[in-house]
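Here's the structure, in structure tokens; my notes come after.
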Amino acid sequence: MTVDTGTEAQQAPQQSSLATAAARNLASTTKSAPQMQEITSRWLLRMLPWVEAKGGTYRVNRRLSYTVGDGRIEFVQDGPRVRVIPRELGELALLRGFENEPVLNAIADRCVQRDFRAGEVLVEHGHAAEGIHLIAHGRVRQTAAGKYGDETVVSVLADGDRFGEAALLDADTRWDYTATAETAGTLLTLSRADFDAVLATAPDLREHLRQFGSLSLRSQNKHGEAEITMSAGHSGEPELPGTFVDYELNPREYELSLAQAVLRIHTRVADLYNGPHDQTEEQLRLTIEALRERQEYELVNNREFGLLHNAAFKQRIQSHDGRPTPDAMDDLLCRRRGTRFFFAHPRAIAAFGRELNDRGLYPDHVDLGGQSVPAWRGVPVLPCSKIPITRENTTSILAMRTGEDKQGVIGLHQTGLPEEYEPGLSVRFMGINTQAVMSYLVTTYYSAAILVPDALGVLENVQIGREVD
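First residue of the sequence shown: 18, per my numbering; consecutive thereafter.
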């Protein structure tokens with residue numbers, strides 16, 4: 018009797034056909050073109066109307082405006098001590114253009130630091146206003162009694178804002194709102210008595226304030242522009258007022274910026290490895306994608322022309338509770354006519370969606386170039402991953418009107434470049450070096466312009482993190 022030990026059963030079966038690993042040596046594989054994670058939808062580049070900037074410069078001519086000193090104030094911190102930068106006091110309307118640094122230093126030295134806690138009342142409605150408050154850090158909510166006795170929010174202020182400027186010149190000023198701290202923070206207070214003490218020893222400051230007073234009395238509309246005098250609703254034959262439209266004497270000029278890269282390809286690669294994909298074309302394609310990504314980043318973040326840094330301070334608002342609520346989006350939307358687009362980081366859009374879900378609301382959807390995108394009040398809400406997120410998990414949301422004919426936001430470029438590869442982008446062959454490496458200079462020129470201040474608005478310090486249950 019023969020006993021089967023199982024040894025033969027454990028042996029692997031012998032190969033009876035050609036293995037796939039060996040067969041691949043005789044086969045042409047099917048391969049994709051090179052892929053790249055950095056590529057995004059780049060909605061901002063797609064939606065901005067692009068205007069030719071011949072000569073590399075675009076000048077924005079505006080009607081003469083008397084609005085001054087509406088910027089934000091910056092501070093320096095030395096441990097727990099905070100001090101206003103003296104020259105930053107020029108952002109106050111009454112000190113705009115005043116350049117006597119010893120006097121500005123004297124004013125800065127008299128600003129008294131005050132640390133506040135969340136919920137603390139900083140000023141009360143109806144009380145005498147005795148000075149100006151500069152917010153170094155934190156959020157402050159201004160409220161007032163509504164017509165029907167309920168409390169209404171007037172404004173929400175944050176880092177760099179101030180309130181009570183009129184108190185420095187008018188001893189009868191009273192607070193027409195209550196200011197309450199929403200978060201802990203720090204402010205600097207300049208009392209009218211301290212300001213008067215500096216004023217008494219600075220004759221050039223007194224002359225500057227006299228000129229400021231005459232400027233503020235000039236006829237202007239609610240936007241601060243020189244008014245166009247006219248008559249309406251009259252009867253008979255009264256003498257009609259003469260008028261003219263005054264322009265800014267020093268309009269802003271935007272020069273085209275650029276992004277460049279030198280692409281290097283070895284001739285051996287270009288000669289021998291071009292099938293099925295052209296190596297030079299694929300290298301160019303990915304380089305151009307990276308340049309376009311950088312272009313969109315600069316349009317958002319560049320300090321000279323980027324949208325975040327060049328939005329007018331009066332067009333920057335704070336959400337009432339820090340979240341991207343429908344109310345906050347409505348506040349942002351109502352500050353301009355004809356808003357065409359919202360732009361937000363994808364995480365901010367997700368946070369806005371959570372706010373809608375909490376309220377049982379569902380966003381609109383609109384067709385944009387054949388693609389369905391979410392919208393609020395009929396205005397598309399488009400993703401832009403170039404909008405930064407801070408360490409505190411906050412970001413910004415942009416709302417803009419676009420187009421030169423709408424006095425909106427426009428992109429600037431120049432076409433017809435030598436060796437143009439795409440509109441506004443050129444690829445120039447730079448030769449072959451002694452290592453047999455070919456070089457191509459890839460260049461794109463661009464900028465952005467905000468034609469009037471209300472063309473762009475920013476909802477700042479938007480909290481996008483989830484709340485802890």
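Ideal placement from N, C-alpha and C gives every residue a C-beta, glycine not left out.
Query: Go ahead and pull the three-state DSSP assignment for Arg483.; Result: coil
Query: Please classify Asp322: does DSSP put it in a helix, a strand, or coil?; Result: In the sequence as presented, Asp is not what sits at residue 322; that position holds Phe. Residue state, collapsed to three classes: coil.
Query: Evaluate Thr461 with the Cβ neighbour count: other Cβ atoms within 10 Å of its Cβ, from every protein chain shown; 16 or more gives buried, anything less gives exposed.; Result: buried
Query: Check the DSSP bridge columns for Trp393 and list the partner residues they point to.; Result: Val396
Query: Taking the straight line between their C-alpha atoms, what separation do you get for Glu299 and Asp176?; Result: 47 Å
Query: Out of Gly448, Leu111, Gly107 and Arg333, state which residue places its alpha-carbon closest to the alpha-carbon of Asp471.; Result: Arg333
Query: Just mark Ser274 as buried or exposed, buried being the case when its beta carbon has 16 or more other beta carbons within 10 Å.; Result: buried
Query: I'd like the list of long-range same chain contacts for Ala183, defined as Cβ closer than 6 Å, with 5 residues on each side in sequence excluded.; Result: Thr190
Query: Assign Asn450 to one of three DSSP states: helix, strand, or coil.; Result: coil
Query: Following the continuous alpha helix (DSSP H) through Thr284, name the residue where it begins and the one where it ends.; Result: Thr284 to Leu289
Query: Where does the unbroken alpha helix (DSSP H) through Asp167 begin, and where does it stop?; Result: Element bounds for Asp167: n/a, residue is neither H nor E.
Query: Beta-carbon within less than 8 Å of Val286's beta-carbon, same chain only, minus the 5 sequence neighbours each way: which residues are those?; Result: Gln296
Query: Ignore the nearest five residues each way along the sequence and tell me which others in Gly163's own chain have a CB closer than 7 Å to its CB.; Result: Thr169
Query: Return the chain-ordered list of same chain residues with a C-beta closer than 7 Å to the C-beta of Gly386, the five sequence neighbours on each side being excluded.; Result: none
Query: Can you tell me whether Ile56 is buried or exposed, with buried defined as 16 or more other CB within 10 angstroms of its CB?; Result: exposed
Query: Below 8 Å, can you find three or more Cβ-Cβ pairs linking the region 298-316 to the region 55-69?; Result: yes
Query: Inspect the beta-carbon positions of Gly148 and Arg63 and report whether they are closer than 8 Å.; Result: no
Query: In this structure, how does DSSP classify Tyr194 when only helix, strand and coil are distinguished?; Result: coil
Query: Please check the pair Val454 and Arg281, which I expect to be a contact at CB under 8 Å, by giving their CB distance rounded to whole angstroms.; Result: 5 Å
Query: Take Leu442 as the anchor and find which of Tyr457, Asp193, Pro380 and His382 has the nearest alpha-carbon.; Result: Tyr457
Query: Hey, Glu272 and Gly73 are a contact pair by Cβ (cut 8 Å); roughly how many whole angstroms apart?; Result: 6 Å
Query: Should Leu234 be labelled buried (16 or more other beta-carbon atoms within 10 Å of its own) or exposed?; Result: At Leu234 the pLDDT is 41, less than 50, meaning the model places this residue with poor confidence; the figure from the coordinates comes in the next sentence. Classification of Leu234: exposed, given that the 10 Å Cβ count is below 16.
Query: One question on the structure: do Arg134 and Glu199 come within less than 8 Å of each other, judged by their Cβ atoms?; Result: no
Query: Determine the extent of the alpha helix (DSSP H) in which Arg209 is found, giving its start and end residues.; Result: Arg209 to Ala217
Query: With H, G and I counted as helix, E and B as strand and the rest as coil, what does DSSP make of Asp187?; Result: coil
Query: Restricting to runs no shorter than 3 residues, where is the beta strand (DSSP E) found entirely within the region 328-407?; Result: 333-335, 358-361, 381-385, 388-393 and 396-400
Query: Can you give the Cα-Cα distance for Glu477 and Arg41, rounded to whole angstroms?; Result: 57 Å
Query: Return the Cβ separation of Val479 and Thr407 in integer angstroms, given the expectation that the two are a contact with Cβ distance under 8 Å.; Result: Contact doesn't hold; Cβ gap of about 10 Å is too wide.
Query: What three-state label does DSSP hand Thr46 in the structure shown?; Result: coil
Query: Compute the beta-carbon to beta-carbon distance between Pro405 and Asn291, rounded to the nearest angstrom, for a pair I have assumed lies under 8 Å.; Result: About 40 Å; that fails the 8 Å criterion.
Query: Taking Cβ to Cβ, would you say Gly428 is nearer than 8 Å to Ala328?; Result: no
Query: Is it a yes or a no for the region 222-231 touching the region 114-130, going by three-plus beta-carbon pairs under 8 Å?; Result: yes
Query: Am I right that Leu106 and Ile124 are in contact with their C-beta atoms under 8 Å? What's the rounded C-beta distance?; Result: 6 Å
Query: Taking DSSP's pairing of strands, which residues face Thr57 in a bridge?; Result: Answer is none; Thr57 lacks a bridge partner.
Query: Report all residues from its chain with a CB closer than 6 Å to the CB of Gln31; omit the five preceding and five following residues, and keep chain order.; Result: none
Query: Should Arg418 go down as buried or exposed, given a rule of 16 or more other Cβ atoms within 10 Å for buried?; Result: buried
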